[in-house]
Structure formats: structure tokens, C-alpha cells
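Working notes, beginning with the structure itself.
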Amino acid sequence: MAQKVLMKGNEAVAEAAIRAGCRLYFAYPITPQSELIEYMAKMMPKVKGTFIQAESEVAAINMVYGASGCGRRVMTSSSSPGISLKMEGLSYIAGAKLPAVVVNIQRGGPGLGDIQPSQADYFQATKGGGHGDYRLIVLAPNSVQEFADMASEAFDLADKYRNPVMLLADGLLGQMMEPVEFKPAKTEEEIEKLNKQHYDWCMRTNEDGDDRHHHEINSLELDPNVLEKHVLSLHEKYKDIQKNEVRYEKINVKDDNEILCVAYGTASRIVKSAITELQKEGHSVGLVRPITVWPYPSEVIANSITKKTKKVIVFELSLGQMVEDVKLAVNGKLPVDFLGRAGGIVFTPDEVIAKIKESL
Amino acid sequence: MAQKVLMKGNEAVAEAAIRAGCRLYFAYPITPQSELIEYMAKMMPKVKGTFIQAESEVAAINMVYGASGCGRRVMTSSSSPGISLKMEGLSYIAGAKLPAVVVNIQRGGPGLGDIQPSQADYFQATKGGGHGDYRLIVLAPNSVQEFADMASEAFDLADKYRNPVMLLADGLLGQMMEPVEFKPAKTEEEIEKLNKQHYDWCMRTNEDGDDRHHHEINSLELDPNVLEKHVLSLHEKYKDIQKNEVRYEKINVKDDNEILCVAYGTASRIVKSAITELQKEGHSVGLVRPITVWPYPSEVIANSITKKTKKVIVFELSLGQMVEDVKLAVNGKLPVDFLGRAGGIVFTPDEVIAKIKESL
Amino acid sequence: MPKMTVDPYYCKGCGLCIKACPKKIIRFSEEINAKGYHYAECFDQDSCIACKLCYVTCPDVAITVEK
Amino acid sequence: MPKMTVDPYYCKGCGLCIKACPKKIIRFSEEINAKGYHYAECFDQDSCIACKLCYVTCPDVAITVEK
Amino acid sequence: MKADIICSGFGGQGVLTIGKFLAQAAMKEGKKVSWLPSYGPEMRGGTANVSVIISDNDIASPLVSNPSILVALNQPSLDKFGPPTQKGGVILVNSDMTPNKLKRDDVDITYAPMSSIAIECGSTRVLNMVSIGMVIGKTKLVKYETMEQDLRDFLEVKSPELLEANLKALQMGMEYFG
Amino acid sequence: MKADIICSGFGGQGVLTIGKFLAQAAMKEGKKVSWLPSYGPEMRGGTANVSVIISDNDIASPLVSNPSILVALNQPSLDKFGPPTQKGGVILVNSDMTPNKLKRDDVDITYAPMSSIAIECGSTRVLNMVSIGMVIGKTKLVKYETMEQDLRDFLEVKSPELLEANLKALQMGMEYFG
Amino acid sequence: MQVIAQRPKSLRDIPFTYCPGCLHGVAHRLIAESMDELDIRNKTMGVAPVGCSVFAYKFFDCDMAQAAHGRAPAVATGMKRSRPDMCVFTYQGDGDLAAIGTAEIVHAANRGENITVFFVNNAIYGMTGGQMAPTTLPGMKTSTSPYGRDADDIGYPIKASELLATLEAPYYIERVSLLSPQEILKAKKCVHSALKYNKEKRGFTFIEFISTCPTNWGIEPIKSRDWARENMLKFFEIGCFRDKSKTVEGGK
Amino acid sequence: MQVIAQRPKSLRDIPFTYCPGCLHGVAHRLIAESMDELDIRNKTMGVAPVGCSVFAYKFFDCDMAQAAHGRAPAVATGMKRSRPDMCVFTYQGDGDLAAIGTAEIVHAANRGENITVFFVNNAIYGMTGGQMAPTTLPGMKTSTSPYGRDADDIGYPIKASELLATLEAPYYIERVSLLSPQEILKAKKCVHSALKYNKEKRGFTFIEFISTCPTNWGIEPIKSRDWARENMLKFFEIGCFRDKSKTVEGGK
Ligand SMILES: Cc1ncc(C[n+]2csc(CCOP(=O)(O)OP(=O)(O)O)c2C)c(N)n1
Ligand SMILES: Cc1ncc(C[n+]2csc(CCOP(=O)(O)OP(=O)(O)O)c2C)c(N)n1
Ligand code: SF4
Ligand code: SF4
Ligand code: SF4
Ligand code: SF4
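Written out as C-alpha cells, the structure reads:
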């Protein structure tokens, strides 16, 4: 079915996950993510998959831990307050080197906040809201199509690195419909093959004799020397990920850019349309859009600065979180400015244009 | 009692909190923090205070929310995995502008990890492990005496800014005994006065007539315009905190420093003794020790760099978290190097000396 | 003389009071209130027996009963 | 002929088997094992009736019984 | 070409569907489209509304604050979205549920008894198709044929018995403008 | 002056107390001190140990890896901490529980029947005081008077009946070195 | 002429945010009336949950906290322990109390916290748009049980009152119905008792209201009460599961 | 001569990390023996909790997960749903199951998850050094109830078996004692039954072991069993609280 259909982001990512071979999904309802869980409730039985509405987000992430420990493609999703409840579980999943996909449809915070789109969970997602030295791979889509595409990419990355992957979206991407074209669904044989790739570490049936195994899904290690080795091995993996998996989009990044913008996800859509407008007025403004917000495309940003560039401006639907990563990338070479909105407000192209014009 | 006593960090901070007027404490046992809860279990009844061993860390932080909403001095404590479970609650407390004190006796992670000292929850503490745009004030002691002193400072700061304050320590500071001298305990009248300072917003008895009030302890605001205003007001407060409350210690910071070190908490003790050794060998090495890790002493670090300084080196009991804040402070002016240990290992002065000598 | 009054500011036109009234003297008004609901009204105050069942059943606490 | 054996590698010298034995033929050894425990030993194999109660009660699964 | 549409009405009036059909037809005609509902508890009891954007170019925010086309099926909708409608914008009002007119003369506003027309077609439930028809009739945003096909595809599987009334409503809406 | 001390033994032997008394006395004599136990589940059943540092200067890490003074109350303790003891360091061994000697000749090691001495003083429970006495006798780390006063202050309130045996143990430990 | 029934003083002059015919409002009124009658309005604090009744913090004329989802009993514990002389109550839905908040309600009840918990059981998640609740009936369709709740796969509805009644400490536990004026009048007595016991510091009190959700059930208000009577009352039996005032002389 | 009793195959050749005389080891052995007898060792997966039995993942000779504190039933749910043909069990202490993990155990039981939960009740937190557990007896001193558990202030011990028996779905719930060889032999039968039902996919099965903690009770092994008999068994009555095999023909 290479036909375009109009679909909500929440539903598209669910459909794409199922097509990517996800057969277990555990979650708890929360606005603006509930269509995702509702879609799974409807569709999982049709593919003989498992959907359980967990008793809480805490239970859901721990169900994910169990399923992932069995080497199966498994997903959970929530929105900001619910994601906070998953922090301990995520740290365990990362510590135990388990692949899993977690979707965050961010809403305004802190606390109960509101249910409008926000990007204020950036720190939590990229720096590790849980305890200990660990990292999530964080993919940030900016359209329903990309959201759907990322579902299968997320599972692949999770499997490849045995690491949890977060899809960091927001209420707008979750709730909006856009045309989307799905990849063909994996066959049962393909899924079986995916499961089998984990047979050397995952929990499964055993046999007597030479091929007997004892697989432990575990993050405990009381000897600090051994634990340090384990953490260092995680960091070797993170370095690999930083080397291999940085994804970004450059929009209108040219030698004559006066201003370089950085924005991801929903915010990047607005900034993109703003710079298109500015271009019509004869201003050269570039945009680097991180697609992975961890690993972060620091070098790309650094290299996108030219002699003409006067300033880097970060646009976020928060009061300034990614701006730190941009500053780290720019490393003092240029001033880094910022425009953000909070509490679920999405800036308009006009606001973005005005902000950029301040510096033109 | 201005006499010095030998006491564990866990017990000293508990004693100091009680002296500072803390009369409610809710927590759940976890190593290496349990002496704190055990001390409270023993002493709270003696001052007619409340100690409850909560059913979980989640329940404990929400009990704190309730007690703080009543304008009383209240505290909770835990260690890394348990702190992760408090993330949602902390975001609520910050969102509802409540004063509260949270102690994290960090241990090795991620996941269950081990029970040895670690500083790998730095990101979580300083960037906000919970969802939304919020900040904790984070104080990082490096001795039992300072740990105790900070308890009362933490309550004062929490009250002053109506913001949660975290004491970020580790297993070593929690478990070790050092001499400590306590401030006199607040009298019941003084405590009553502290409680009364919150009467214009906290939950309490009411009266009919003109002085009737309706106080709401709340972080919900469905109108994003109003929520944005609220979040902006939080950020105004955070700016004030950044302006007024940065605390740090400069050790041997001089014009002729070849190397500037940055380390906090337990790590800073080791670095301090290393630079004393190096000084004996004729090397000039300075150390900036952030006492508040949020707000961060960025300017102090920037200003401590002189023409002679060749490099800034960060020392942490993690694989590199505070190093980002140091880079942001240094802003590209100098290379920033790093030495860290993970999983509960504490580096020795010799390791620190060797690392510094690489660059001398 | 008993009397029931509905405050249109609170009423959402759910009809539960109409069902509850033993004398069947409540109906939806032709008018709508600010929120767009046809609020309830008593069309026969004289028959009201002040049983308070409308008040008891009203989920929006829109009703006052006098006697 | 019944026989009970304690594996000193597992035994922690808790004494529960000594208490359980109806024939009272188990005692602590003079020796200590690698972990420093005076492990249990049977000093009168001939009296063993293979009731298995020592095995049943041993929390460290240190005992083997033969018959 | 870029149309910023808001459809707004009471919960049961099917405004989300109006938006979806418009976006879908435009998509099939090769346009970029987006659809964004108001969501969450504020919908309940009150009004529901949806933002639809149809454009030749990439769509920035799917949220419409100043519509170029407004479909207002009740009074609160007109009151809320009439004022921010763009100068020269098109407003289609269900006059059956909108006693008070909008006090503006810089927009192209049509008051049509959409509920009555729907009843004429067989049921108030086809009110949304009347509105879609009117949008097409007024703005030529998408082709009637595309919409008809979509409607057929959708209903022939789901509830063929409703097809006729819906098609009639679509047509009557379109023909309202002659 | 800086002493890096490890006291190690079985759980019930009171090694944490040895450390605490030493640190406390040194504190009273104006020294910088720190005390850090091994903690957590690994203590259980196995050996417990404590690091104590007494110094004229600020103490960096309270963790002692290479002790200058080791008090080993049983075999596993000697096996574990004997080898990393500093060259020239002082090692005091409870010979009653340590059949195997340490194979080193670059340390100042004393094998004393501490358990027997304790029993002689009245109870194995004063083993820790015997050790403290020996540390004082051997190293003069703190003054006997300070320690005695501390012990009195502590026991006079808590359990005066134990004072005598403890004082005796302290003394006999100290006098072990004549 | 004299007013014999009107908005209680303990409700503020703010219209409820509930859907038309939703019985949350009735539960609110019963609580407010009892607060008036017991004259505790000035020494009462309440906790609003996350759920349709999240705005309860606006409605009651006393100081109120809005708690994180499921955590109201913990928040109330913090409040009660801070101000032991005040009456503290929570107001919670079935998702809030019997799913995510299971541990908190069980342990607050087990501690015998001196609080009153008002639990509104409408067999569904209202606020988030009609997902399955722990109290959803077998076979009942919701947006997350689109083929009907399959008891073999995900179990039976949780009976919160019965569950809590296995604990020793609770003082009073009763399930009441809001499905008709007569039942409301009976429910009122129970609400009053619960708050009276609260005022008298007798221990943990718990009222479970059998309620409706016309919107997410997709059944209009009047019929939704009939539906609840026919379906919910069979499963959730009305009655008192604990009343220590009847067994213990003078209570605690 | 023939071996009539020895380490079961389902235990690996690793000494337990428990204190001398701690009955965790007995519970382990009963499970392992039953696994051998039912020949399910190769199709069983277990979940270790956080608690003294955290290292259970090393001891059983099958694949094992180590779960976050209290979350073993959720982890087991994920495992069972992933590999429905395998037997899944959890092993949990009283802090793990009846405090922080209350919601997870109640809901796994309520779903009737096809898993077996082995619950070791020793009235205390062992691993963290002797803090009060939800099962700590009234008046019992622990490091966080230094003046004895005050039931008026913080409630009575939670009876997990009784609590779960209020739910509809569980298939088998029994409380057994490990305090003497005779009781252990009885307990063995129950453990065997639970795993047999598990193998037969009959539903949720739950065994509560009354156990000891010599170390943190400060009572040496043999006496600690006496203490438990005198104090715990009075409160936690031994017995079967649910056995559907006796009521439902052939089970589910
Ligand atoms: C941690 C967290 N998880 C989920 C939500 C989303 N949420 C809001 S209300 C609700 C359920 C409400 O249902 P119920 O408690 O039955 O109350 P009702 O709305 O039916 O009155 C949920 C899941 C949230 N706000 N926070
Ligand atoms: C989230 C979290 N909270 C607390 C702890 C600390 N902790 C480890 S074990 C334990 C209690 C164990 O007691 P129990 O479950 O009764 O088992 P036992 O040790 O007695 O066998 C606690 C509180 C933890 N590891 N993680
Ligand atoms: S019961 Fe109340 S809200 Fe409903 S129609 Fe009657 S007055 Fe209005
Ligand atoms: S019961 Fe087992 S562990 Fe205990 S003494 Fe006997 S053999 Fe050793
Ligand atoms: S959604 Fe249901 S529970 Fe919520 S206010 Fe509406 S009718 Fe009431
Ligand atoms: S602490 Fe207690 S429960 Fe834990 S192993 Fe030791 S005796 Fe057993």
C-alpha cells in the first residue's frame, strides 16, 4: 500500500510500529497521546499482538523491560507527566542494554500543566532524566510522515545498539493529520528473524546439553570495578552512536547565510516557513534541523557557520533547553540567541521572522 | 551545643534539618541513604514531628507536596533509583511553586547499579529530570559539616523562592563520619513564624468575612496563554536565583594558574588535596568548586581563567556530565578536559595529579 | 407557597430534574443560556409541592427551592 | 545403608539441620570452611535413617542424602 | 495558493469530519494539507473546531489562528472565529443556529440555513456534507468530483444506506451559490 | 602527620566502633578525622571494615586503600588488607582467629591473642577495646587519657556496668607493647 | 417564604466543568452540604485528582490541592499530618484511585489516615476521552477495549470498597449510588457520616459513589442512569463494608 | 546406594548470598525442585526482585530478569505476553511486593496473568538493613520503627494473600510456612501445585511464604523460627485462600 492516507501522527506512528514488527505495546492513557493507545487497542488483536492498558506508566515501562528482555519489539508511549514516571524504568532498560521504543508526545509543563504542544522535555530526553550515566537515542520528527518513518528506524536503532530509543514529538505532531505513506508491513517470517537476532542474550526457551544458556537481564553489579567496566562499555557504544547515527537536515544552509537558525520538530516547521519568507525578501538565512537530538549534530552546526554568519538563533517551544547544545556546538565562535514560547504556545512564522530581523 | 561531634553525613543532615525547623519527613529506605530515614524515625517523635515511612518514593514526594502546600518545612530523601521515581512529583512541586527539600545520596547507576558513591545524577538534578521548564536549586556539599549547614540553608532558600531545593550528595558523604558542629535548634516560636510566612498562599484554616481566602495548590492551567505567563514568572524567579544565589569556593585560584580545575562535592575533596600536592612541587593549579551546581557559577569559572591558564579540567565521579556546564562557562576560550570514574569508583589524588600533569 | 427556580447560569439542560419532578411541572425553556443550553424552567409554580427532588437530582446545583 | 553428606562449600553453619535431625547425629565440624563457618557434619552415619529432614530444612541446599 | 480553514460547531455537528474530507480531497488533488483538531477536555460540552490548511507549499504550523475560510455552525463559533478571520476571507454561517450576525463588512459572509437544508436532505446528520458542499460551491477549493468519489469510497463500505442523503447534501450545499 | 587506618573483622567484632573511638579521640585532640564504613549487603555474613583517617591537614577521600595502620581481627581481613598495607606500615593481628600469617617482611606486624585477652578482661565483647589499646600502645596516635575519658563518657550513661571490663581491655591492649 | 434548598455555602459561585447530566456534580453537592451542616468549611482542606474532577480545586470553598494522577491519598497524608486539626478529604475517579493510584489508596487506608476519600466510580476514564478503567465492566466497550473488556485477558473490574475492607485500619467504608433522587438522599447520609467521623478524628473513611459518564458511554443523561442501574449495580453492590462506630464503642 | 535427596538441577552450582539460616534458601529449593519435577526448567523464566533475593537471577538455572523494586509483576507480564508458552514466575519480598509494588501485584493478579508469584514474608526489609515492612507486626521494633510499630499511627500489617483473594481472577492463593521440616514439606506441595497450574496455563497463582530474617531480627536462626511461629503465624494465618481447581472443573 504505497498510497497516501490522511492520518493523525499518533495513529501513524502506531501503524508504522506494527508494520515494523512491534507486537507488544503497553501504555497508559494521557492526552494528547491517547489516540496512539486507542489505535493499538484496535489493531494489535488483528495482528495477534499484545496490547495491555497498564495500571500506570510505571507498570508500562516495566512491562516493556520484560518484553524487551525476551528480545521482542516492544513499545510504550505517553506524554510529559507520564514520561517522568518512566525515568527509573528507562534507566534500568538502558543499564540492562535492552532495545525498546518510547514515544513522548510532549505537552506543556511543569506539573500537570496543560495539554498543548511543547518541547520542554528536551533536557529530560537528551541528558537522561533518570539516574546514572546513560543515554537514549532521541529522534525528533517534524511531520506525520517522518514520525511514521521513524518508528521503524527507532526499532532498528534500538536493536542495533541494544539501547532504548525515544521518539520525541509533541501534541501538535500527535494530533495533526497529514498525508502519510507507509512502508510495507514486515511479514511474520521477517519478524521472527528480528526476534532471533537477540537469541544470544535474551530470555527464551532453553535446552539441555552444550547449547544450554543462562541469560540474565540485569543492571545490578555490586562490585564497583565491574560496574565501571559495564558503564564504560555503554559509553563506548554511545561514542559509536555519536559517530554513526547523527541525523539532521540542512535547509538553505549556504555560504552567504547571515543568520543560522537551529530548530527541531514542530518548531522547525515554523522556522522553515519563516526563512522561506525571508528569502523572498532577499535575506539569506539557513536552518539546521537536528533529526536526532541525541546524538546531537554539533559538528554540522559548527560547520554551517561561515564568515558571513553573524549569529546563531535557536527556536524552541520551551524557555531554552536545546540552546545549551547549540552553544556547546558553536563553542563561543558566535553569539547564540534564542526565541522560545512556553506552556503550550506555538510561535508563528511572523514571530520567527521578527526575531530574525532583529539581527539582520 | 557548639561542641563538635563525630557523625555520619546522613545523620548530620537529618539532625540539622530538624534543628532548622523541619517537622515533617517522608521517605522510603534505600542504601546508602537509610541512616537518614532511621535517624528521622528515631528523632522526629522527640520533637513532636512527623516521620512516615512511605509506601514508595512516589508516595513520599507526594506527601511532601501536601505538607509543603500547608506551608510547613518538609523534607524527603533517597538515592538515585528512588530519586528517579520522584521526577513527576518534583515537576509538580516546582510547577506549584512549593518550597521543599530533597536529598539525593547518589550511588552508581544506571538501573540498580551498585551502592557506592557516584555523581552521575548531575544532569537529572541540574537540568530537570522531570518534564517541563523548571529548575531545582541544587546544593552540593563536600563535607559532613557543610552537608549539615546546607540543610538549614536549603530550607531558607526553598522558602525564599518557593522552589524545591535539592541537596546533591553521594554515598561517601552520606556514610562517612566527620566532626560536625550544629547550629542551635530553632525554637517552636521561630518555627511557627517560619510557617506563618506562607500564610498568604498555603492551605490552612479559614474564616468567614473579609479575610476569607481560597488558596489553591496547583500546577494545572489549561489555557496556554495563562500557563505561559506562569512559566515565564517561574523563569523570572530562576533569573533572580541565578543572580543572587550562586555559591562557590575558589581554592588556590591565582593569576599564575597553569591549569584550572573544576569539581564539586566529593570529587572536589580529592582534587583539592591533589593541587596541594602539586603546589608543593611548584605547580600552580587552581580549583573552582561549585557549591550551587544550579545556579551554576559560570561567570566565576570564566573569570578565573587568566592568560597563563592553558586548560580547564573537570573532575567528576561520572563519565562527564558537569563538563557541559563548564564548557558553556568557558565558551570556547580554552580547551576543556575531563577525568571521571564511573560505577561507584572514587578517583585517588594520584590519579588526579597524573591527569593534571599530562597538561603541565 | 412552594417555589422552585432554576438559575440559567448553572443549568446545562440535562433534564434530570424534569425526570425527577413528581408533578411534572419542569420543562426545557425555549431560550438558550450563554453556554447554548436550553435550560430547565418551571412552567407551573402553583403545583410545586416543595419535595426538593429536583434540587436533589440536579448535578449542577442550579435549583433553589423555597417554601 | 543411608548416608547424609554436607557440602562445606555451601554450608553456612546455621545449625538448622542439627535441630531437624531426629537421630541427633549432626554437629558442627571443628574445621571452618572458606567463608569461615563451622560447617555441619554427620558424626554417626550408621545411625542415619534417611528421613531427609536435614535436607528438607537446610536453607543452603548443602545436604545430599543417599540410601 | 494557500487556504487557512477553520470549521467550528457543537460537538456532535461533525466539524472534524468536514475538515477531514476537505483535507483528504485536496491531498488527492496533489496539494499539501494538514488537519488539526482542538482537543482535550475543553471540547466537551462546548464547541469543537478544526484547523485545516491546504497549500501548494509546505505547511508550517497546522494551527490556524486567522482563517481565510471559516465554517461556523453555531453562534459561539461565529463569535469566536468571526473576528480573527482574515480581511476578505470567506465565512459560511449556519444561520439556523446563529441568531446574532457578525459585525464586520470586510469579509465575504454567507448566512445559510444549513441545518434546514440537511433536514431537507433527510437528516441533521448530513449537516457536515451541506457545509462541505457550500465550501466547494463558494471557493472551488477542491473539485466536486474528488469529493464525491471520496464520499462514495467512504460510505460504500461503511454505511451504503446513508450514501444518497449525503450525496444530496453535498450537492445542495454546492448549489446554494447557484 | 597522617594515619590511614583500616579496621577489619567479622560483623559482630565491633570494628566500626574501633574506628569511631579512634577518630573521636583524635578529633578531640584537634586533628582532622574521617571515618567511612564498608556498607550495604556485602557486609552481611562476611567481613566488615572501616577506613579511618587522622591527619593534620584536610582529608581528601575518606576511603583508605593502602593503610598505614591495619587492625585485622580475623583471617579474611588480614588476607584482604595485609597485602595493600603501606610499606613500613603497622599491622595488628588478632592471632586467635588468624592461623595463616602474612607473607611480608616490609611491615611492622604484631600477632596478639586479642580474643584471649578480651576474655581475660571479662568478655569477647571488649575485643574492640583491646584493639584500640594496642593501637595506642603501638602508635601513640592519640593519648590514652583522651580515649579513657571518651570511653567513660560513653559508657557511664549507657551501661556503667560494662565500664570496668572495657577500661581493663583498653589498658591491657595498650600495655601489650610493654 | 423561606429557602429550603439552595447551593450550599461550601460550593463557590462557579459552574461545574462537567458535562450535562454528569453526576460528579451531585457528589460535589453532597460533600459541600455536609461540610455546611458539620460547620467544618473553615477547617477543611481537599485534594482534587487528575480526571474530570481535576477542577474540584476551584469548586469547593476551602483550600484545595490538585494532586498528581493517583497520588491524592499521599498528598492528603502530607496535609493531614501537617495540620492535624483540619479535616482533609480527597476526591478521586476510578482511573485515578484504582489504577495508577492503587498503592497510595491501599496504604493510606492501611495507615488509617484520618482523611475521607470520595471515590467516583463511573466505570471509565472520563477526562481523557473514554478509555477502559479498572472498573470497566466485562464486555463493556471503551476506546481502549474496542471489542469489549475481555475478562479472560485483562481481568474483572476492581471492587475498591471490598478490597480496602480487607484492611484492619479503615473506620468506615460504604458504596452508595447517585442514580436517583432517592439513592442520592441515602448517599447523603453516608457522606455526612464520613465527614462527621473525619471531624471526630476517628480514622480513615471512604465513600464509593456509583456514577455515570453520559459523554463517554455515549448514553444521554437520563438513560445513562438506567444503564448504570442495570449493569453496574449488579457488579458493584451498594452497601456498607465497614463501620466501626457500630462495632467499636465510640470509635478509636 | 542411591541419591534420594540432593541439590535440584534447577539450582545452579552457586552458593546463596543469604545469611546463615535465612529461609530464602528453602523457598528457592522448593521452587527448583518443583521445576525439576514438572520438567519445566527449559521453558521457565523468572524475575528477581530488589531485596535480599536480588541475586535470585544467578541461582535458578533458567533465564532470569532482575526487576526494579516492586515491579516484578509488571516485568513478568511483559515476559509472559512475549513468550506465552513459557512458565514465568516472580520471587518477591514483602517490601518489594506489599509496599512499593502494591499496584503492580494487585493489577497483575487482577488481570489473572498466567504467572506464579512467590512472596517471601519476613516482616522486615532485609537487604537495606532492617527497616519496617508493610508486614511488620504491631509493636515490633525495626530501624524505622525504633519504638515499635504503632498500629494507631501507621496501621496494621498488610495481609497480601487475603487482599488478593478479594479479586476475581486469581486461580490459586495459599500462605505456607517454612518454619519446620514438616511445614516445609507441606509448603512444597503448594509450590508444586502453583507451578503445575502455571504450566497448565490456568491463571494467576500466588504462594506466600512465612519466613525469617535472623540477621535483622537479631535472633539466631533456630530461635528466629520460634519467634516467627509465636508471633507471625497468629497474624498471618496459614491456609489456602483460593483454589479454583477445587471449584471450577478443570480450571479456566
Ligand atoms: C501521570 C499521568 N498519567 C495519565 C494522565 C492522563 N489522565 C488524565 S485524567 C485520566 C483518567 C481519569 O479517569 P478517572 O480517574 O476515572 O476520572 P474521570 O475522568 O472518569 O472522572 C488520565 C489517565 C495524567 N494526567 N497523568
Ligand atoms: C526504587 C528503589 N527504592 C528502594 C530501594 C532500596 N531497597 C532495596 S531492597 C529493599 C527492601 C527489601 O525488602 P523486602 O522486599 O522485604 O525483601 P528482603 O530483603 O526482606 O528479602 C529496598 C527498600 C531500591 N533499590 N530501589
Ligand atoms: S437537573 Fe439541573 S442542570 Fe439538569 S436540567 Fe435540571 S436544572 Fe438544569
Ligand atoms: S542446615 Fe545446611 S547450612 Fe545449615 S548447618 Fe546444616 S548443612 Fe549447614
Ligand atoms: S466526561 Fe464523563 S465523567 Fe467527565 S464530566 Fe463528562 S460525563 Fe462526567
Ligand atoms: S538480611 Fe535477613 S532476609 Fe536477608 S539474607 Fe539475611 S537473614 Fe535473609
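Protein chains in written order, with my numbering: chain A, 1 to 360; chain B, 1001 to 1360; chain C, 2001 to 2067; chain D, 3001 to 3067; chain E, 4001 to 4178; chain F, 5001 to 5178; chain G, 6001 to 6252; chain H, 7001 to 7252. Note that beta-carbon positions come from the ideal geometry of N, C-alpha and C, so glycine has one too.
- Short of 7 Å from the beta carbon of T7136(H), and not among the five residues preceding or following it, lie these beta carbons of its own chain, in chain order: A7123, I7124, T7142, S7145, R7149 and P7157.
- Using a CB distance cut-off of 7 Å, I1356(B) does not count as an interface residue toward chain F.
- In the same chain as T5110(F), and ignoring 5 residues on each side of it, the C-beta atoms closer than 6 Å to its own belong to L5092, in chain order.
- Along the stretch 2033-2044 of chain C, going in chain order, the ones with a CB nearer than 7 Å to a CB of chain E are G2036.
- The beta carbon of I1018(B) sits no closer than 7 Å to any beta carbon of chain H.
- Within chain G, no C-beta atom comes less than 8 Å from the C-beta of C2048(C); the nearest is roughly 11 Å away.
- Look at which beta carbons fall closer than 7 Å to any heavy atom of ligand 4; those residues are V3006(D), Y3010(D), C3011(D), K3012(D), G3013(D), C3014(D), G3015(D), L3016(D), C3017(D), I3018(D), I3026(D), Y3039(D), A3040(D), C3054(D), T3057(D), C3058(D), P3059(D), D3060(D), A3062(D), I3063(D), P7020(H) and G7021(H).
- In this structure, the straight-line span from the alpha carbon of L5167(F) to that of M1007(B) is close to 24 Å.
- Residue contact with chain H for T6102(G): present (Cβ-Cβ distance below 7 Å to some residue of chain H).
- For ligand 5, a non-hydrogen atom lies closer than 6 Å to the CB of P6214(G).
- Cα atoms of G286(A) and V346(A): separation of roughly 21 Å, rounded to the nearest angstrom.
- Under the three-state reduction of DSSP output, T5124(F) falls in the helix class.
- Below the 8 Å Cβ cutoff, chain A contributes I52 and Q53 as neighbours of I6154(G), in chain order.
- E216(A) sits in a strand when the DSSP states are folded into three classes.
- If you check each beta-carbon in the stretch 4059-4086 of chain E against every beta-carbon of chain C, the ones closer than 9 Å belong to N4074, Q4075 and P4076.
- The Cβ of V7075(H) sits closer than 7 Å to at least one Cβ of chain A.
- Per DSSP, the beta bridge partners of D6243(G) are Y6172(G).
- When the Cα atoms are used, A6067(G) and S1304(B) turn out to be separated by approximately 45 Å.
- Taken through DSSP and simplified to helix, strand or coil, V4142(E) comes out as coil.
- The alpha carbon of K3023(D) has as its nearest neighbour, out of I3063(D), P3059(D) and C3051(D), the alpha carbon of C3051(D).
- Residue contact with chain A for Q7092(H): absent (no Cβ-Cβ distance below 7 Å to any residue of chain A).
- Per the Cβ contact rule, the stretch 1079-1096 of chain B is not in contact with the stretch 339-355 of chain A (fewer than 3 Cβ pairs under 8 Å).
- Pairing M6035(G) with V6026(G), the inter-Cα distance amounts to about 14 Å.
- If you draw a straight line from the Cα of A7098(H) to the Cα of K7199(H), it comes to about 26 Å.
- K4002(E) places its beta carbon less than 7 Å from that of S4055(E).
- For W6227(G), the enclosing alpha helix (DSSP H) starts and ends at P6221 to F6235.
- Along the length of the stretch 1172-1250 of chain B, whole alpha helix (DSSP H) runs at least 4 residues long occupy 1188-1196 and 1224-1244, reported in chain order.
- When secondary structure is reduced to three states using DSSP, D255(A) falls in the coil class, being assigned neither helix nor strand.
- Beyond the five residues adjoining it in sequence on each side, D7061(H) comes within less than 7 Å, by CB distance, of K7009, S7010, L7011, R7012 and R7041 in the same chain, given in chain order.
- For T4146(E), the CB contacts under 7 Å within the same chain, skipping 5 residues up- and downstream, are A4025, K4028 and E4029 in chain order.
- With respect to chain H, the C-beta atom of N6110(G) has a partner C-beta closer than 7 Å.
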